[in-house]
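Peer 1: Residue numbers (the numbering used here): 1 to 121. Can you keep this structure in mind? I'll have questions shortly.
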């Protein structure tokens with residue numbers, strides 16, 4: 001079970017880095033007056049799938065090793081998994097440039113949620 005706990009921690013750090021890069025990419029797209037392209041949308045999908053996988057690892061840790069030090073850690077985990085799909089839904093009616101900027105900011109916000117999740121583990 002130590003392997004799963006270690007993997008859960010490492011994926012958490014990877015999510016912070018990945019969401020930060022996706023967020024910066026989205027903001028740069030917006031500054032260049034471009035909307036989200038297929039590559040950017042794919043990056044968001046990969047981030048969301050990774051966040052759900054991280055939640056699965058967290059569930060395994062919860063079942064076999066017990067609850068985290070702070071219960072708030074679980075709430076941050078749910079928020080990380082839900083934030084980007086919610087953001088994608090909310091920005092559909094914006095201009096393409098606005099979509100890129102809003103999704104970039106949402107990804108940076110999600111990276112912040114992941115950081116808070118790490119600090120409450």
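By construction, the Cβ of each residue, glycine as well, lies at the ideal position given by its N, Cα and C atoms. Remember, predicted model here, so these are calculated numbers, not experimental data.
Go through the stretch 11 to 70 residue by residue and report every complete run of the alpha helix (DSSP H) that reaches 4 residues or more, in order.
Peer 2: 38 to 65
Peer 1: Give the DSSP-derived three-state secondary structure of residue 2 in the structure shown.
Peer 2: Annotated three-state conformation of residue 2 is helix, per DSSP.
Peer 1: The alpha helix (DSSP H) with residue 110 in it runs from where to where?
Peer 2: 96 to 119
Peer 1: Could you check how far apart the C-beta atoms of residue 71 and residue 87 are, in whole angstroms? I think they sit under 8 angstroms.
Peer 2: Between residue 71 and residue 87, the beta carbon gap of about 25 angstroms keeps them out of contact (Cβ cut-off 8 angstroms).
Peer 1: Give me the Cα-Cα distance between residue 96 and residue 106, rounded to the nearest whole angstrom.
Peer 2: 15 angstroms
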